[in-house]
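What follows is a short report on a single structure.
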Amino acid sequence: MGGDGGGDAPIIHFVFVHGACHGGWCWYKLITPLVAAGFKATSVDLTGAGINLTDSNTVFDFDHYNQPLFSLLSEIPPHHKIILVGHSIGGGTVSEALCKFTDKISMVIYIAAEMVQPGSTSPNNSNMTVGEEDIWEFTYGEGADKPPTSIFMKEEFRRHYYYSQSPLEDVTLASKLLRPAPVRALNGIDKLPPNPEADKVPRVYIKTAKDNLFHPMYQDRLVEKWPPSQLYILEDSDHSAFFSVPTTLFAYLLRAVSFLQI
Ligand SMILES: CC[C@H]1c2cc3[nH]c4c(c3C)C(=O)[C@H](C(=O)OC)c4c3nc(cc4[nH]c(cc(n2)[C@@H]1C)c(C(C)=O)c4C)[C@@H](C)[C@@H]3CCC(=O)O
1 MGGDGGGDAP IIHFVFVHGA CHGGWCWYKL ITPLVAAGFK ATSVDLTGAG
51 INLTDSNTVF DFDHYNQPLF SLLSEIPPHH KIILVGHSIG GGTVSEALCK
101 FTDKISMVIY IAAEMVQPGS TSPNNSNMTV GEEDIWEFTY GEGADKPPTS
151 IFMKEEFRRH YYYSQSPLED VTLASKLLRP APVRALNGID KLPPNPEADK
201 VPRVYIKTAK DNLFHPMYQD RLVEKWPPSQ LYILEDSDHS AFFSVPTTLF
251 AYLLRAVSFL QI
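Numbers 1 to 262, taken from the UniProt record's numbering, label the letters of the sequence shown in order.
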């Protein structure tokens, strides 16, 4: 998505990565104003998400899940200054891509995201709502005696956990487009070796203060543990800032990139 400025002049190129069950579609309210403001903006569908037609029940490996992003990043020319933006568990994908494509990435931005630090010990996920309530539905694609192959939030919980502050139109849109996530592949999110070069890339955290899924206190802990170079707080945002507060989020993205040395 988005237009190209052409030539070899630097172009700021936002690349958006969705969280579990979502897809490139969820960024539509950000891509539109970014392109209108002269940036390039692309959102990716990870394997089994959005219109990537792979069945999530066949995706067992984190690298397989992330492959569409890796292909995209490897094709982006060097004069594009890539701003990699990840939402929720998509933060794990962003950290993995940061380690693989360190030289190509100018900034990483985590929105209500798991800010996986390369080389850190496994994050404590005991605060996750995942498991707290029976909000998930699992598919056992290899048989009931084997671990589940995909996970999906039950429809009746989505308004509260994903979209409590978002317009109902977006909840309806999401109900048509969400797809089960490959649960075994997601297990790979916290396994990254130390990477001192990746540590040097400017890192931004955007906290969602009215988040019913990824508790704001847990987000604070991530920020304390691995302090970013910039921190923004979306006071009125639910877990899905791209729906609930797109205009403020757009303003924060612009402010964040204004600190880049190009
Ligand atoms: C429980 C199985 C698997 C997992 C699934 C999962 N995680 C999130 C979702 C799903 C289906 C979401 O919908 C949410 C999201 O991406 O919303 C768009 C998820 C989050 N996961 C987070 C952190 C996190 N997840 C895991 C592990 C898993 N998630 C299992 C493999 C870990 C680790 C290290 O094990 C961590 C740290 C958050 C960023 C969000 C919100 C989750 C919450 O607070 O409940």
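Glycine is no exception: its CB is placed at the ideal position from the N, C-alpha and C atoms.
When the Cα of residue i is compared with those of the options, which residue comes out closest?
i    : options                : result
S88  : S74, Y110, S106, Y252  : Y110
E142 : K81, T102, N187, V59   : V59
T247 : A9, L30, G23, V17      : L30
R159 : L178, A256, S150, A144 : L178
Q165 : L73, N52, S240         : S240
H80  : K225, D8, D199         : D8
G86  : L98, P227, L168        : L98
M115 : G38, P228, L253        : P228
T102 : A112, A113, S74, S120  : S74
P182 : T47, A37, I11, G24     : T47
M153 : F70, E137, D145        : E137
P10  : D145, L254, L192, G38  : G38
G24  : A198, A49, P180, D63   : A49
A198 : A251, C21, Q117        : Q117
DSSP puts residue i in a beta bridge; with which residues?
i    : result
H160 : Note: H160 sits in no beta bridge, so no partner.
L234 : T208
H203 : Residue identity check: residue 203 is Arg in the sequence provided, not His. For R203, which the question treats as bridged, DSSP gives the partners V108.
H13  : K40, I82
P182 : S150
H87  : I111
F138 : I151
Just to check my reading of the structure: residue i and residue j have Cβ atoms closer than 8 Å, yes? What is that Cβ distance to the nearest angstrom?
i           : j    : result
T139        : P148 : 6 Å
A209        : Y65  : Contact doesn't hold; Cβ gap of about 29 Å is too wide.
residue 263 : H13  : Absent from the structure is residue 263, since the part of the chain shown begins at 1 and ends at 262.
P68         : V44  : 5 Å
F242        : C26  : 5 Å
E96         : L192 : 6 Å
Ligand 1 heavy atoms versus the CB of residue i: any closer than 7 Å?
i           : result
L192        : no
S88         : yes
I12         : no
A37         : no
F214        : yes
N57         : no
A209        : no
H79         : no
E114        : yes
V223        : no
G91         : yes
M217        : no
residue 272 : Nothing about residue 272 can be read from this structure; the chain reaches only from 1 to 262.
I151        : yes
N187        : yes
A181        : yes
H160        : no
To the nearest angstrom, how far is it from the Cα of residue i to the Cα of residue j?
i    : j    : result
A256 : Q230 : 7 Å
S150 : I189 : 15 Å
L72  : F16  : 11 Å
M217 : L173 : 29 Å
I219 : K200 : Sequence inspection shows Gln at residue 219; the Ile mentioned does not correspond to that position. Each residue's alpha carbon lies about 21 Å from the other.
Y162 : V171 : 9 Å
G92  : D134 : 24 Å
M107 : V204 : 8 Å
N57  : F259 : 41 Å
S126 : P167 : Caution applies to S126, whose pLDDT of 46 falls short of 50 and renders its modelled position unreliable; the model cannot decide the point.
N187 : N52  : 20 Å
Y232 : H18  : 19 Å
I76  : A144 : 42 Å
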